[in-house]
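Engineer: Residues -22 to -1, 1 to 132, numbered by mature numbering (1 follows the signal peptide of the UniProt record, and there is no 0), are exactly what the sequence shown covers, in order.
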Amino acid sequence: MMQISVVFSVLYILCGTTSSLAFVFEDCGSEAGKFDEISISSCDVSDEKCTLPRGTDIKVFIKFAPNKDISDITAHAFGVLLDVPIPFPLKNPNVCKDPDSGVKCPLKKDQETEFKNTFNVDKKTPAVSVDVMWEFRNEKDEKITCIKFPVKVV
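Next comes the structure, spelled out in structure tokens:
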């Protein structure tokens, strides 16, 4: 948790804010699949940014389908600052071995899959606005899905 707080602190110092009327979950380069549905418990897509309240558990749901057979999936999360992705440490990055993810590997081509996870936004995380990039990568390090969206920690 301390590492995430440090990353958000650095991002807070360096980050400028962006404005829009509402946000979308943007595809940021999915190569080996596509995402169909995304839900984050604290996000309202009619807002300018996805709100992540400090000191709360956030539930994430992603429905996706690979466009080829997949034997292994690793999750990666980044804060994007000046187009440079800064990695966030994840508790269980191996999606296939995480019993709480709901994903059973291997996956077949075009097999719709539902990923779920819960993570805590530490109370010590500074209030910051940043773009978050969430990726699933296969055993060949290809992006199965890449999702980018604006976040505001409050």
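Beta carbons: idealized from backbone N, C-alpha and C, even for Gly.
From which residue to which residue does the beta strand (DSSP E) around Asn72 run?
Structural biologist: Segment: none, Asn72 is in no beta strand (DSSP E) and carries neither H nor E.
Engineer: Where does the unbroken beta strand (DSSP E) through Val131 begin, and where does it stop?
Structural biologist: 121 to 131 is the span of the beta strand (DSSP E), which, as asked, contains Val131.
Engineer: How should Gly11 be labelled, buried or exposed, when 16 other C-beta atoms within 10 angstroms of its C-beta is the threshold for buried?
Structural biologist: Per the 10 Å Cβ criterion, buried.
Engineer: Residues in its own chain within less than 8 Å of residue 210 by CB, not counting five upstream and five downstream?
Structural biologist: Any question about residue 210 goes unanswered here, given that the chain covers just -22 to 132.
Engineer: Apart from the five residues just before and just after Asn72, which ones in its own chain have a Cβ nearer than 7 Å to its Cβ?
Structural biologist: Closer than 7 Å at the Cβ level, and outside the excluded window around Asn72, lie Thr52.
Engineer: Could you tell me if Asp109 is buried or exposed, where buried requires 16 or more neighbouring beta carbons within 10 angstroms of its beta carbon?
Structural biologist: When all chains shown are included, Asp109 counts as buried.
Engineer: Quick check on the DSSP output: the beta strand (DSSP E) that includes Cys28 runs from which residue to which?
Structural biologist: Segment 28 to 30, the beta strand (DSSP E) holding Cys28.
Engineer: Would you tell me roughly how many angstroms separate the C-alpha atoms of Ser19 and Ala(-1), rounded to the nearest one?
Structural biologist: Distance between the alpha carbons of Ser19 and Ala(-1) is about 17 Å.
Engineer: Which residue's Cα is closest to the Cα of Glu26: Cys124, Lys86, Ser107?
Structural biologist: Among Cys124, Lys86, Ser107, the Cα nearest to that of Glu26 belongs to Ser107.
Engineer: Helix, strand or coil: which one does DSSP assign to Val(-13)?
Structural biologist: Because the pLDDT at Val(-13) is just 41, under 50, the model does not fix this residue reliably, and the value given afterwards should be weighed accordingly. In this structure, Val(-13) counts as helix in the three-state DSSP scheme.
Engineer: Where does Leu59 fall in DSSP's three states?
Structural biologist: If DSSP states are grouped into helix, strand and coil, Leu59 belongs with the strands.
Engineer: Within the same chain, show all residues whose beta-carbon is closer than 6 Å to that of Gly7, passing over the 5 residues directly before and after it, in chain order.
Structural biologist: Result list for Gly7: Lys121, Cys124, in chain order.
Engineer: Where does residue 137 sit, in a helix, a strand or coil, going by DSSP?
Structural biologist: No statement about residue 137 is possible, as the shown extent of the chain runs from -22 to 132 and does not include it.
Engineer: Measure the Cβ-Cβ separation of Lys87 and Asp47 and say whether it is below 7 Å.
Structural biologist: Yes, Cβ-Cβ distance for Lys87 and Asp47 is below 7 Å.
Engineer: Could you tell me which residues DSSP puts in a beta bridge with Pro44?
Structural biologist: DSSP output for Pro44 lists Gly11 as bridge partner(s).
Engineer: Ignore the nearest five residues each way along the sequence and tell me which others in Leu68's own chain have a CB closer than 7 Å to its CB.
Structural biologist: Result list for Leu68: Ala53, Ala55, in chain order.
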